[in-house]
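Each protein sequence line maps, in turn, to chains A and B. Yeah, the first sequence ends on 517 if you go by this note's numbering, and it's all consecutive. Yeah, the second sequence ends on 517 if you go by this note's numbering, and it's all consecutive.
2 protein chains.
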Amino acid sequence: MSPYKMNNYFKCSHVCLYSCHAVQESLLSSASGFSNYRGILNWCVVMLVLSNARLFLENIIKYGILVDPIQVVSLFLKDPYSWPAACLIIVSNVFILAALYTERRLAVGTISETTGLILHIFNLSCILVIPAATALTVTSMTSVGGVISLGIYTVLFLKLYSYKDANRWCREIRQAKAKRLTRSYSCECSQRILLVFSDMYYFVFAPTLCYQLNFPRSSRIRKRFLMRRLLEMLFLMQLLVGLIQQWMVPTIQNSMKPFQEMDFSRMVERLLKLAVPNHLIWLIFFYWFFHSSLNFMAELLQFGDREFYRDWWNSETVTYFWANWNIPVHKWCLRHFYKPMLRKGTNKFLAQSAVFLVSAFFHEYLVSIPLRMFRLWAFMGMMAQVPLALFVSRFLNGNYGNAAVWISLIIGQPVAVLMYVHDYYVLHYGSSA
Amino acid sequence: MSPYKMNNYFKCSHVCLYSCHAVQESLLSSASGFSNYRGILNWCVVMLVLSNARLFLENIIKYGILVDPIQVVSLFLKDPYSWPAACLIIVSNVFILAALYTERRLAVGTISETTGLILHIFNLSCILVIPAATALTVTSMTSVGGVISLGIYTVLFLKLYSYKDANRWCREIRQAKAKRLTRSYSCECSQRILLVFSDMYYFVFAPTLCYQLNFPRSSRIRKRFLMRRLLEMLFLMQLLVGLIQQWMVPTIQNSMKPFQEMDFSRMVERLLKLAVPNHLIWLIFFYWFFHSSLNFMAELLQFGDREFYRDWWNSETVTYFWANWNIPVHKWCLRHFYKPMLRKGTNKFLAQSAVFLVSAFFHEYLVSIPLRMFRLWAFMGMMAQVPLALFVSRFLNGNYGNAAVWISLIIGQPVAVLMYVHDYYVLHYGSSA
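What follows is the structure, given as structure tokens:
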């Protein structure tokens, strides 16, 4: 009935009023060659919004409002006179200064490279061991406080490791230059090294794990950009906490029974029910951390390099996902672990597996110690990425590969979450929970 | 970690080993200009499949297997010795032959045009009134049997109306030609008209509502195409019945309580819960009827014109949807109702509204009479399309218009279904149901 169709119709029928059929195929027949299914994307979006609106409504009807901002405080604080996580974070300055002084000594040559290396290894070991020991022994440390302080110490470990490596490379280049004066290096390594507090603390707060002298800087602080990121940070933080309280916690609690009774079909049903909120929370967390928070820090510090993630949502292989969703860590692994291993002659597959092994170690470190429970689920989850990557790259490509990556993300995470929660419940509330 | 990224990294860093940052924006910042979100489509598909897999599993756990092929028979047959619907369908031949004999008389001129018109009007009125009267009075007629026989009679009404019009136009053209011999018509109207049984019954079985002499024909019956359509017909038929028994019926039964208690938030929750299976069933029905069944009939009859639907899934306006999802009816409305009205000088909007009015009448006719319940919900549902069409074309376009069309389809239908089912329950099982 659209004007266009009407015109067409009149044109066709003006020879004879009533001849109104023509030989033609149906659009859905492969012979028609038709391929415009743009509307299907809108259909998907509408269906997803409606389905989740229903889930949201069902949840509110079933559980009422569970969001409770006061309860959040108790996650950080068990005993208001003992702030172990905050103390740990303040103590971290000691390790930063230790790394800086070691490098100063190395730069002027008062200690040898070997002594410097030993001092750095000792300093880095302390960074990993001291917070872990604190979290395991101090009973007033909550799990959330533990995760946050261990996370900060892990970031610090990676940053100071990079600081040590980068400064050593710098010295090596300058020594090489001093020996062979003909070759000229145009890079900053040949300039005077400024081993000062301000430079060190800029690196500690900058949203990167890789040290270099004179980071690229943006020309000015865009106030509107800064405000938008800040508002996003605050709003998404509330949303995350609300979704966890309202959606994750009751679903997880409902999952405990089928998991203890090993009722398989209900286990799968619960797992799929958990997958949706878990995945949405992970997506919001991704945006909150990698876009809002890191960009906020970067804007504040006029840090120019904003590549905190690449287009991992288009990943057609598992390795592409891991190489693109978390660029600061990926860059660090490449620069300080994978490339040095390749230079030493390790083959690519072994080096890649080693990266996953280190990553698996840190995942386990960040989960097991705050929960005071050693189960290796996070470790195994990360290590399972290696055979998964081989499988996907071997058998699937294009959109199938992309769908496989999404499925592993959506299903893989809640499996690990349920494993830990199940074991935590059994440990703390006995088998009758 | 992909080889491409590695090469890039080495290239960038070969000037200086450790300069690894560059000024750049995050991809999700509008300043980056990045727009490749192809992976999001795959994400939508994966999320939809997983969500519905869970719903399916939840349904099986809650209700067990409800699919029962024997129960289906009872929908058609209340009393095995009384087959009112089948009898009605056999009787329809009388009306077909009446139309054919009237046209034969008109062609040779033994009755006048006016007498012919009166005979046709009488015949067409009988086609609408007799099955309706039968369905309302014969108690052994089930609702499903009623819908099927009334549907067949409605199709027959439209076909014979078209038959009458097309033959009259043909006579008018031949008379005009006889008067002014200079103008030559190249069309088939000027040829001898074959008012024979075979021609009439070919039209009755052909998948079109618009009559013309010499339909365009396909060259041969493609056996593999025919078999595929037949298998689709059989499989989708089972799937439809299974989905209705397993998914629609329990959901509708669960919806009755909130609707009687007028518990608003639960009513919305139930409505959204019903919307998903209802919409899927409608989509499967669309494919089953408009692609599989009509193509099967067309292939069998070597009927050439397979345009039974156009790309309604891309509709950006409500009128585009109605003009493209059901081409046989749309073509009939255009040829025998909308265009004759325009020729008589009616304005476009009025003619369009009249088409919706007739369509609303037939929707109501097909629902109210088999259920023996006059509620006008279907009528009002169709008539509501006129203001909806005005609203969408006025305020929304592009993907927003498309999303609005999808929402009206996904939400509008279950509202009407729930209205009828609610009233049917109240009528048959009292308010305590």
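Backbone N, C-alpha and C fix where the C-beta goes; we use that ideal spot for every residue, glycine too.
Taking 7 Å as the limit between beta carbons, can you name the residues of its chain near residue i, skipping five residues before and five after?
{"i": "LEU279(A)", "result": "LEU184, GLU187, ARG188 and ALA191"}
{"i": "TRP409(A)", "result": "TYR393 and TRP396"}
{"i": "LEU559(A)", "result": "No answer is possible for residue 559(A): it lies beyond the span of chain A, which begins at 85 and ends at 517."}
{"i": "ASN481(B)", "result": "GLU400"}
{"i": "ILE365(B)", "result": "LEU324, LEU327, ILE328 and MET332"}
{"i": "LEU314(A)", "result": "PHE380"}
{"i": "LEU460(A)", "result": "GLU448"}
{"i": "ASP507(B)", "result": "MET457 and ARG459"}
{"i": "PHE241(A)", "result": "LEU208, ILE211 and LEU212"}
{"i": "SER116(A)", "result": "GLU109 and SER110"}
{"i": "VAL451(A)", "result": "ALA462 and TYR504"}
For residue i, which three-state DSSP category applies?
{"i": "GLN108(B)", "result": "strand"}
{"i": "SER270(B)", "result": "At SER270(B) the pLDDT is 46, less than 50, meaning the model places this residue with poor confidence; the figure from the coordinates comes in the next sentence. In this structure, SER270(B) counts as coil in the three-state DSSP scheme."}
{"i": "ARG189(B)", "result": "helix"}
{"i": "ARG580(A)", "result": "A question about residue 580(A) goes unanswered here, because the residues of chain A that appear run from 85 up to 517."}
In whole angstroms, give me the CA-to-CA distance for residue i and residue j.
{"i": "SER135(B)", "j": "ILE491(A)", "result": "12 Å"}
{"i": "GLN344(B)", "j": "GLU142(B)", "result": "25 Å"}
{"i": "VAL499(A)", "j": "TYR147(A)", "result": "24 Å"}
{"i": "ILE453(B)", "j": "ASN207(B)", "result": "20 Å"}
{"i": "SER302(A)", "j": "ALA106(B)", "result": "10 Å"}
{"i": "TYR295(A)", "j": "ARG304(A)", "result": "22 Å"}
{"i": "TYR404(A)", "j": "ASN251(A)", "result": "30 Å"}
{"i": "ASN177(A)", "j": "SER246(A)", "result": "17 Å"}
{"i": "LEU320(A)", "j": "TRP372(A)", "result": "6 Å"}
{"i": "ALA170(A)", "j": "ILE180(A)", "result": "16 Å"}
{"i": "PHE475(B)", "j": "ARG306(A)", "result": "41 Å"}
{"i": "TYR484(B)", "j": "ILE211(B)", "result": "42 Å"}
{"i": "HIS98(A)", "j": "CYS104(A)", "result": "Because the pLDDT of HIS98(A) is 38, which lies under 50, any placement of that residue in the model is unreliable, and the number read from its coordinates should be weighed accordingly. Each residue's alpha carbon lies about 10 Å from the other."}
{"i": "GLY230(B)", "j": "HIS512(B)", "result": "18 Å"}
{"i": "ASP26(B)", "j": "LEU201(B)", "result": "In this structure chain B extends from 85 to 517, so residue 26(B) is not present and cannot be described."}
{"i": "PHE421(A)", "j": "LEU472(A)", "result": "22 Å"}
{"i": "THR199(B)", "j": "TYR237(B)", "result": "24 Å"}
{"i": "ARG308(A)", "j": "PHE370(A)", "result": "22 Å"}
{"i": "PHE118(B)", "j": "PRO300(A)", "result": "22 Å"}
{"i": "CYS417(B)", "j": "LYS423(B)", "result": "8 Å"}
{"i": "GLY429(A)", "j": "LEU220(A)", "result": "39 Å"}
Report, in whole angstroms, the separation of the C-beta atoms of residue i and residue j, which I expect to be a contact under 8 Å.
{"i": "TYR121(B)", "j": "TRP397(A)", "result": "7 Å"}
{"i": "ASN362(A)", "j": "VAL501(A)", "result": "6 Å"}
{"i": "LYS243(B)", "j": "LEU293(B)", "result": "6 Å"}
{"i": "ALA462(B)", "j": "GLU448(B)", "result": "5 Å"}
{"i": "VAL375(B)", "j": "SER110(A)", "result": "Per the sequence shown, the amino acid found at residue 375(B) is His instead of Val. Rounded, the Cβ-Cβ distance is 6 Å, consistent with contact."}
{"i": "THR226(A)", "j": "LEU159(A)", "result": "6 Å"}
{"i": "PHE445(B)", "j": "VAL470(B)", "result": "About 14 Å; that fails the 8 Å criterion."}
{"i": "CYS128(B)", "j": "CYS128(A)", "result": "4 Å"}
Which same chain residues, not among the five before or five after residue i, have their C-beta less than 6 Å away from its C-beta?
{"i": "SER477(B)", "result": "THR401"}
{"i": "SER377(B)", "result": "MET317"}
{"i": "CYS96(A)", "result": "Below a pLDDT of 50, predicted positions are generally treated as unreliable, and CYS96(A), at 39, falls in that range; the measurement from the model is reported next regardless. Excluding sequence neighbours, CYS96(A) sits near nothing in its chain."}
{"i": "ILE336(B)", "result": "VAL505"}
{"i": "ARG419(A)", "result": "CYS294"}
{"i": "ALA290(A)", "result": "LEU385 and PHE387"}
{"i": "HIS493(A)", "result": "For the record, residue 493(A) in the displayed sequence is Leu; it is not His. Counting only Cβ-Cβ distances below 6 Å, and skipping sequence neighbours, we find nothing."}
{"i": "ASN486(B)", "result": "GLU400"}
{"i": "ALA382(A)", "result": "PRO291 and ARG390"}
Using only the heavy atoms of the ligand ADP, determine whether one of them is closer than 6 Å to the beta carbon of residue i.
{"i": "GLY193(B)", "result": "Because no ligand of any kind appears in the structure shown, any question about the ligand ADP cannot be addressed here."}
Within a Cβ cutoff of 8 Å, which residues of the same chain sit near residue i, ignoring the five residues on either side of it in sequence?
{"i": "PHE281(A)", "result": "LEU184"}
{"i": "LEU355(B)", "result": "SER339, ILE495, PRO498, VAL499 and LEU502"}
{"i": "PRO153(B)", "result": "VAL325"}
{"i": "ILE149(B)", "result": "GLN330"}
{"i": "TYR286(A)", "result": "PHE299 and LEU385"}
Would you list, in sequence order, the uninterrupted alpha helix (DSSP H) runs of no fewer than 4 residues that lie entirely inside the segment 411 to 492 of chain A?
If only uninterrupted alpha helix (DSSP H) runs of at least 4 residues are considered, those enclosed by the segment 411 to 492 of chain A are 411 to 417, 423 to 427, 432 to 455, 461 to 467 and 469 to 479.
What are the start and end residues of each continuous alpha helix (DSSP H) run of 4 or more residues lying completely inside the segment 333 to 406 of chain B, in chain order?
Qualifying alpha helix (DSSP H) stretches, in chain order: 333 to 345, 348 to 370 and 378 to 384.
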